[in-house]
Structure formats: structure tokens, C-alpha cells
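Contents: one structure, followed by commentary.
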Amino acid sequence: MSTPVKRVHGFLAEFASVSDLYHAAERLRDAGFRHWDCHTPFPIHGLDAAMGVKRSILSKLVLVGGCCGTLTALCLQFGTQVFLYPTVVQAKPVNLFTIPAYFPVTFELTILFSAFTVLFGLLALMKLPRWNHPLFNSDSFSRFSDDKLFICVEAKDPQFHREKTRAVLEEVGGKNIELVEDDV
Amino acid sequence: MAAHTHDDHMPALDGPCSPAKVLLREPLVLNNRSYGWITDRIAGIVEKPQPKIWWYIFIPSVMLFLVMASLFGYLISTGVGVWGNQHPVSWGWPIVNFVFWIGIGHAGTLISAILFLTRQKWRTSVNRAAEAMTIFAVMCAGLYPGLHVGRVWMAWFLAPVPNANAIWQNFKSPLLWDVFAVSTYFTVSVIFWYLGLVPDLATLRDRCKPGIRKILYGLFALGWRGGNRQWSHYEMAYLLLAALSTPLVLSVHTVVSFDFATSIVPGWHATIFPPYFVAGAIFGGFAMVLTLMLPVRKLYGLEDLVTAKHIDNMAKIILLTGTIVGYAYLSELFIAWYGGNKYEFEAFMLRIKDGPYTWAYYCMMFCNVISPQIFWFKWARHNLWVVFTVSMFVNAGMWFERFVIIVTTLARDFLPGSWDMYHPTWVDVWTFIGTFGFFMMNFLLFLRFLPVIAIGEVKGVLPESDPHYNPDALAGGVTEEEIRGEAPRTA
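Next comes the structure, spelled out in C-alpha cells:
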């Protein structure tokens, strides 16, 4: 028989209101913490700036995805209609200048590819799906999706210290501070 | 230039002055509900047993769905001859119903996307249900063209792959554009809906006891932890999807209208068709949202979340789009006369006077243009029975609009020798009724298993969700009604 070994994931602190959380986030940002996050039931306006989170790069990925869609649509239509299988319908010409007829499909595929890039790009950036996470070991954490606001400072942060970090979280207004552990 | 004096208009500044008061906005959630209350109320709908009336609607809906499925079996095994489609009206009810359902499927994305971009926060209470409705309506719509091809096993010819003889599709055909538009719309709507659901699925997951439900909700919640580093990307994704869906929703019915407008048939060959169809789609879609949400809010006690203000706003959108549709009807008539095309003129004369389907034209006019005008009055927008009745009129009117466009036009084209009446068969009628069963069945299952209101989004519009929320300043505030000396609004 062996004793279960636990690894510290970080400290989880609860905050009473959105404005408390917001001001605590500003202070943690200024204190120089890097591996920490606010867990809230809804997105809070302005919290990105308070935490020092940079603007998401998703929009740039989507631009690339959308361009791929446009190119795919143009290749599909010109390739098949002009080169592979030119179909003359109602005496309409078959050449590279018939592009107006291809606008609808080009538009739709641009949107379709962009939307898929949003979906998969978002999942990749959020590092989801991930069904197991040390935070789920905390009993109180499950109310993040109901009415509780949390900040979690992770142990992998260079400034993390078992006593000092707890003190910092208490100082910025954290309540019910809990050490979250993970099975190794 | 002499300085203006404002002595007559401005209050004396040296006298005693009452302290400035904050003008309170009308709350989007009434009775100062807490986060916990919102979670309990919305998640409670899927956690508690459904009210009896849910079963009273669900069972007939399933039966109608089975009727629809069997009639599709009959159609496929026998042929499209079981429908009333016949020369000259070869696009009968199936295409009428296709356009009807796809039009209804426009409100969801409009509420989600356009109202999101225009920062209309009231959308949060109705967007989830409207998006679900959109998806189910597009599913109903999609059935028709697939079956209307006649030989269903050949429907894969619509996909952009060469067929058995290495023949490619004709990409200059509006019918092929339609395939791309509708399938893209459906896919993007599902992505939008699902991404919106992820945080709420996490809420349901966290409330469940361990078991099959927890596993399933957890699986689809993807391990959501509500971290702001996730929210930050998530909000960007939502914004991008809204920005992509806005032109998409406008394009879908535009492309549907191209099916008609690129032909040379008098009455169809019109440049007004795309905006006219889009306005009509938004109009019909909002009517269906109201038709569904009014009973849902009553049944599940959601009056504090879907308030009188929400209904008032939706009624105003119905009034606006209904009036745009009315303008389109009138300008069609005007252009038919002013354009000087004799066939076009005759086609419209047959619609409004002495034609075989003139009654349908006036049904459409009354339901779509006249009936919403009651929403100019505030009492009408606040009387739920009036709102519900008008929404039913609009649902019917939009069906008649498509009937008028398709059947009356085809029944009377260039040559009087080819004129004939259209008669739907019992298969047409029961298939259409069956699609309502299919739609309602899906919607009721949605109510049963998924949160009908976006829990996370509604919490975000509460005043205390603002980091700069100051209860003391708001406590002394006044509402617009108080300034005007009116009674406070009630749900």
C-alpha cells in the first residue's frame, strides 16, 4: 500500500462581488503574477485589461480560414466550369469572366470556412476539450458556473509560495482560500 | 456677436439645487433577481419533471412527425405524383413550405448576430430559444428540396462532386447556390448555437448528481472552467461568429429569392426580391419566436427574464419589418404598372383583381401588412393576447405570401393555353402539418434537455455584473416613467 501523492495545483480564492474581483485582478496583475485566472459564470466587461490579458489572436486565424474558403470556392468553380467540364447553359459564356455567377458560392464557402476556423481555433486557443482538470477536485469550484467568482493562482507561477500567495490573496479580498491539489 | 442669455430657460444656479439623480434604465431582469435565482429558474426547467401540458403537446407532435415520416416513405416509394405538383404549377406546396420554413429560420440568427453587433442587450433572454427554433425550422425546410428532386437517391448530385458520368454541377444555377447557402446557414447556425451553449452546459453539469446526465452534459461542456483566459477567446469567437452570420443571414434568403428572380417568369423577375425576401423572413421569424416564447415564459415562470420590454421590442420589430414588407408589395405593384411590361402588369392584375387566387393575395395583405399596424399602440404591444394573435396572423400571412408568389405566378404565365389551377393533395397537406409536428417535437425536446435561456449571458446583463457597479448611485435614481408621471411598467 502506498500513500497517495498529491501535487499542489494552486490557491483558489472566492470573491464577494464583481467589483471586488475586478480590483483584485488589477492588484494581482500589478504584483506580477503570470499563471492565474479568474473563473466566473459570465464574461466580465473590462476584466481582460484588469488581468493584462492580450487581445485574442482568433480573428487573425479566422482571416486565414476565410481566405482559404474564398480560394477553395474559386478553384472549385473555375476549375470545374472552365477547365474540367465546361457546361454551356442558356448560351452563357464559359470563361474566366463569368465570375459574377460565382459570387454566391464564393461568399458562402468563405463564411463556412471562417466559421469552422472560429470553432476549431477557439477550442485550440482555450485548450479544450479537457475533461479532467485539477480545479474540478475542489468542491466549492463547481459553483463557478452558478453564482461564485473565483481567482486561482497556479503553483507553476514563478512567484508562487505556499504562505505568501495565500497572504496576497487574503490581502486583495479573497475569501475561503483553498489549496487545490491534484493526484499525481 | 452678443452673448446669448439663457436666463429664461435655465434654473437659477445660486438658489437651492436638488442633487443630480441617475436616470435608471429599464431593467432587463425584473425584481432584482440574483445569479443563483437565474440559474435555479432556468436549469430547473430541465431538472424538474415537465408540466402535463408538455406531454399534451409532445405526444401529438410525435404522432404528426410519424405521419410526416410515413408520407415521405410513401412519396419516395411511389413518386412525386402523390403531390399536387402538376403542369404548369410544378413548384407547389413543397417549395412554398420550403421557403416558409427557411424564412422562419431567420429570426434566430438575426437575434443572435445582428442584435449582438448592435449591442441590444435584451437579446440575451430570447436568443437561445430563437437559435434553437432556427435550427429546427431549417431542418424542416431542408427536407423539402431534398425530396422535391423526385429521385431521392440522386440527391447527392447536389453535392459538389462529379457524378457517375464525371459531369460537374452547373455553378451558375441559383438552385446550386441555394444548396450552398442553406447548408452553410445550417452549419453556421449549429456552431453558433453550440458555442453559446457550452458555458450553460457546464452549469448543468455542475448541478447534476453523478450519473448519465452528468456524463453527457460534461461531455458536451468540453470541460469548461469559465476562466477569463477562456472567456477572452470565447467572446472574440462570439463576436466573429456574429460578424460572419450577419451577412450570412442576409445572404440566405437573398439566394432563395434568386431561385425566382433569375427566371424570366412575370411576377418573379424582379430586382426587389432579395431585400423583400429578407425583410419578410425576419418578419415571419420574429412572429414565430413570439408564438413560441409567449407560452414558454408563462409555462415556466420566466416573466422576470422575458419581460414586457422584450415583447414590446419584438412587437416593434414586427411592425417595422411588416411595414417594409408592405412597402415591397406596393412597389411591386407600382413597378408592374410603371415598368410597362404587359405580362408583368397582367400577372399583378390577376393577383389583385379577378384572378383565381386573388383571395390569397388579400389574406396575405391583411395578415402581413394590416394586422401588425396595431403595434403602433403601446397597449397592443403590452397585451399578450394581442401580440400572440398578431404573431399567428403573421405566421399564416407569410405562408400565404409564398403561396401567392409561387402558385399564383405559375398558374398564369405567358400563354393562356397553359393556364391551370393548382390543387394540393392530401399528401401535401398532411406532410405540411407533419413538419409542424417535427418542429414542435424538436423544440419540446430542446426545452426538456437544454437551457431555454442563455444563463450566462443573462447574468452578464445584471447591473451588479458591471465592475463599476455603484448601488448607492442607483438607489436614488429615477425612471423615465417617474419623470413623465406615468405608472411603473409591469410584466
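Chains as they are written, first to last, in the numbering used here: chain H, 835 to 1018; chain U, 234 to 724.
For each residue, glycine too, the CB sits at the ideal point set by N, CA and C.
List the residues that DSSP assigns as beta-bridge partners of residue i.
i                : result
A847 of chain H  : H:I985
R841 of chain H  : H:D1016
S256 of chain U  : Ser is not the amino acid found at residue 256 of chain U; the sequence shown has Leu there. Partner(s): U:V711.
I324 of chain U  : First, the amino acid is wrong: residue 324 of chain U is Trp here, not Ile. DSSP lists no partner for W324 of chain U.
K1009 of chain H : H:E848
G460 of chain U  : H:H873
Give the DSSP-derived three-state secondary structure of residue i in the structure shown.
i                : result
D492 of chain U  : helix
H615 of chain U  : helix
Q993 of chain H  : coil
L1003 of chain H : helix
N265 of chain U  : helix
C441 of chain U  : coil
I686 of chain U  : coil
V711 of chain U  : strand
G534 of chain U  : coil
K549 of chain U  : helix
I505 of chain U  : coil
W965 of chain H  : coil
Q319 of chain U  : strand
D705 of chain U  : helix
D240 of chain U  : Annotation note: pLDDT 46 at D240 of chain U (below 50); position unreliable, coordinate value reported separately. Note: D240 of chain U maps to coil in three-state DSSP.
Q897 of chain H  : Rather than Gln, the amino acid found at residue 897 of chain H in this sequence is Leu. Of the three classes helix, strand and coil, the one that applies to L897 of chain H here is helix, per DSSP.
A724 of chain U  : Low confidence applies to A724 of chain U: its pLDDT is 41, below 50, so where it sits in the model is not reliable, and the reading given next is rough at best. Looking at A724 of chain U - three-state DSSP - the assignment turns out to be coil, as it is neither helix nor strand.
L692 of chain U  : Here residue 692 of chain U is Lys; the residue named in the question, Leu, does not match the sequence. If DSSP states are grouped into helix, strand and coil, K692 of chain U belongs with the helices.
H466 of chain U  : helix
W870 of chain H  : strand
L648 of chain U  : coil
A392 of chain U  : coil
L678 of chain U  : helix
S890 of chain H  : coil
Drop a sphere of 10 angstroms on the beta-carbon of residue i, count the other beta-carbons inside from all chains shown, and report buried for 16 or more, exposed for fewer.
i                : result
A858 of chain H  : buried
P700 of chain U  : buried
W389 of chain U  : exposed
V1006 of chain H : buried
R440 of chain U  : buried
Q924 of chain H  : exposed
P395 of chain U  : exposed
P284 of chain U  : exposed
I515 of chain U  : buried
D864 of chain H  : exposed
D705 of chain U  : exposed
E714 of chain U  : exposed
V482 of chain U  : buried
R977 of chain H  : buried
I344 of chain U  : buried
N461 of chain U  : buried
Any heavy atom of the ligand FAD within a distance shorter than 7 Å of the CB on residue i?
i               : result
L983 of chain H : The ligand FAD is not among the ligands present in this structure, which contains no ligands whatsoever.
For residue i, return the contacting residues in chain C, with the cut-off set at a CB-CB distance below 8 Å.
i               : result
H967 of chain H : No chain C appears in this structure, whose protein chains are H and U.
Query raised in the report: Going along the region 972 to 983 of chain H in order, which residues come within less than 9 Å of chain U, judged by CB to CB distance?
Result: Residues F975, S976, R977, F978, S979, D980, D981, K982.
Query raised in the report: Which residues, taken in chain order from the region 461 to 489 of chain U, show a beta carbon closer than 7 Å to some beta carbon of chain H?
Result: N461, R462, Q463, W464, S465, H466, Y467, E468, M469, A470, L473, L474, L477, L481, S484, V488
Report task. Below 8 Å between beta carbons is the criterion; list the residues of the region 870 to 886 of chain H that meet it against any residue of chain U, in chain order. Result -> D871, C872, H873, T874, P875, F876, P877, I878, H879, G880, L881, D882, A884, M885
Requested in this report: Compile a chain-ordered list of the residues in the region 924 to 943 of chain H whose CB is closer than 8 Å to at least one CB of chain U.
Outcome: K926, T932, A935, Y936, P938, V939, F941, E942, L943
Requested in this report: Evaluate the contact criterion for the region 546 to 559 of chain U versus the region 568 to 581 of chain U: three or more CB pairs, one atom per stretch, below 8 Å.
Outcome: These segments do not touch.
Requested in this report: With 8 Å as the limit, tell me which residues of the region 343 to 364 of chain U have their beta carbon closer than that to any beta carbon of chain H; keep them in chain order.
Outcome: none
Query raised in the report: If you pair each beta-carbon of the region 672 to 682 of chain U with each one of the region 254 to 263 of chain U, do three or more pairs fall below 8 Å?
Result: no
Report task. Take every Cβ of the region 840 to 848 of chain H, pair it with every Cβ of the region 957 to 973 of chain H, and state whether three or more of those distances are shorter than 8 Å. Result -> yes
Requested in this report: Could you list the residues in the region 945 to 956 of chain H with a C-beta less than 7 Å from some C-beta on chain U, going in chain order?
Outcome: I945, L946, S948, A949, V952, L953, L956
Query raised in the report: Below 8 Å, can you find three or more Cβ-Cβ pairs linking the region 883 to 893 of chain H to the region 463 to 473 of chain U?
Result: A contact between stretches requires three or more CB pairs, one per stretch, nearer than 8 Å, and the region 883 to 893 of chain H meets this requirement with the region 463 to 473 of chain U.
**Report entry** Residues of the region 677 to 692 of chain U with Cβ closer than 9 Å to any Cβ of chain H, in chain order
**Finding:** So the list reads I688, G689, E690, V691, K692, given in the order they occur along the chain.
**Report entry** Three CB pairs or more closer than 8 Å across the region 531 to 539 of chain U and the region 607 to 616 of chain U
**Finding:** no
Query raised in the report: For the region 499 to 518 of chain U against the region 328 to 339 of chain U, are there 3 or more C-beta pairs whose distance is under 8 Å?
Result: Output reads yes: the region 328 to 339 of chain U touches the region 499 to 518 of chain U.
Requested in this report: Output, in sequence order along the chain, the residues in the region 910 to 923 of chain H whose CB is closer than 7 Å to any CB in chain U.
Outcome: L910, Q911, T914, Q915, L918, Y919, T921, V923
Query raised in the report: Pairing CB atoms from the region 484 to 502 of chain U with CB atoms from the region 411 to 422 of chain U, are three or more of them under 8 Å?
Result: yes
Query raised in the report: How about the region 678 to 693 of chain U and the region 346 to 358 of chain U: do they share at least three Cβ pairs that are nearer than 8 Å?
Result: Between the region 678 to 693 of chain U and the region 346 to 358 of chain U, the count of C-beta pairs closer than 8 Å reaches three or more; the two stretches touch.
Requested in this report: Evaluate contact between the region 491 to 500 of chain U and the region 577 to 592 of chain U, counting only Cβ atoms and requiring at least three cross-stretch pairs below 8 Å.
Outcome: yes
Query raised in the report: Closer than 7 Å, Cβ to any Cβ of chain H: which residues of the region 267 to 280 of chain U, in chain order?
Result: S267, Y268, G269, T272
Query raised in the report: Are the region 470 to 481 of chain U and the region 522 to 529 of chain U touching, with three or more C-beta to C-beta distances below 8 Å?
Result: The answer is no - the region 522 to 529 of chain U does not touch the region 470 to 481 of chain U, with fewer than three Cβ pairs under 8 Å.
**Report entry** Validate contact between the region 649 to 668 of chain U and the region 391 to 410 of chain U using beta carbons, cut 8 Å, 3 pairs
**Finding:** These segments do not touch.
Query raised in the report: Is the region 423 to 435 of chain U close to the region 361 to 380 of chain U, with three or more CB pairs under 8 Å?
Result: yes
Query raised in the report: Does the pairing of the region 474 to 481 of chain U with the region 591 to 611 of chain U give three or more beta-carbon distances under 8 Å?
Result: no
Query raised in the report: Are the region 318 to 331 of chain U and the region 640 to 660 of chain U in contact at 8 Å, needing three or more beta carbon pairs?
Result: yes
Query raised in the report: Pairing CB atoms from the region 443 to 460 of chain U with CB atoms from the region 868 to 884 of chain H, are three or more of them under 8 Å?
Result: yes
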